[in-house]
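J.: Using my numbering, the letters of the sequence shown correspond one by one to residues 1 to 150.
A virtual CB, placed ideally from N, CA and C, is assigned to each residue, including glycine.
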Amino acid sequence: MSEFELREQSAISLTKLRAQGVGRRKKASATVLFFLPSGRQPGGEIIVNNRTAEEYFQYNLTYLKNLRAPLVKTELTYDIKVKVYGGGLTGQATAIQLGIARALIDGHLHTKYNRKILKGSGFLRCDSRVKERKKYGLKKARKASQFSKR
């Protein structure tokens, strides 16, 4: 594909762009883009790092259910493209979920109804817990060696 064709293709896809959101969890960060469904398919396809969500998350139903939860709650179908990096699969799945929820209340998709549903379900709440660092003199973050009196 030539550079001109690539530029033209990206311009077409940007016209279909409806909303975007960013989600973070632990060390993972996800950028989520919502597009109008293409005419051929009914929509609802999630692409993560140029692979289908099922393939990326190794067909793990827990992760896939978490990804689709905000969409199921609001009963919306859009094509979603996600760029995610850092962390493990659990952190990435939660980061994508937060990004999807934030995108649903952003831009063209914003309605008070969506916000009310997502906020009530807890999808807009960021889980800020991160791994505690290991301290010197201890075996782990809080685990110390057994105390001996003698």
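Let me know the secondary structure DSSP gives Lys143 once reduced to three states.
T.: Three-state DSSP puts Lys143 in coil, outside helix and strand.
J.: Going by other Cβ atoms of all chains shown within 10 Å of its Cβ, with 16 needed for buried, is Ala103 buried or exposed?
T.: Buried is the call here.
J.: If you check the beta carbons only, do Leu100 and Ile47 fall under 8 Å apart?
T.: It should be noted that the sequence gives Ile, not Leu, for residue 100. Going by C-beta atoms, Ile100 is not nearer than 8 Å to Ile47.
J.: Return the chain-ordered list of same chain residues with a C-beta closer than 8 Å to the C-beta of Arg7, the five sequence neighbours on each side being excluded.
T.: A caution first: Arg7 carries a pLDDT of 48, below 50, which makes its placement in the model too unreliable to give a value.
J.: Below 8 Å on the Cβ atoms is my guess for Ala93 versus Phe57; work out the distance and round it to an integer in Å.
T.: Confirmed, Cβ separation roughly 6 Å.
J.: Could you have a look at Val72 and say whether DSSP puts it in helix, strand or coil?
T.: Helix, per DSSP.
J.: Note down, one range per segment and in chain order, each alpha helix (DSSP H) of at least 4 residues found wholly within the segment 103 to 141.
T.: Correct list: 112 to 121.
J.: Does Gln97 come out as helix, strand or coil in the three-state DSSP assignment?
T.: In this structure, Gln97 counts as helix in the three-state DSSP scheme.
J.: Arg51 to Lys83, Cα distance in whole Å?
T.: For Arg51 and Lys83, the distance between alpha carbons rounds to 10 Å.
J.: Can you list, in chain order, the residues of its chain with a C-beta nearer than 7 Å to that of Leu138? Leave out the 5 residues immediately preceding and following it.
T.: Cβ within range, chain order: Ala144.
J.: Taking the Cβ atom as the reference point for each residue, do Gln97 and Ala53 lie within a distance shorter than 8 Å?
T.: Taking 8 Å as the Cβ cut-off, Gln97 and Ala53 do not qualify as a contacting pair.
J.: By the DSSP assignment, the alpha helix (DSSP H) with Tyr56 in it spans what residues?
T.: Here the alpha helix (DSSP H) through Tyr56 covers 53 to 56.
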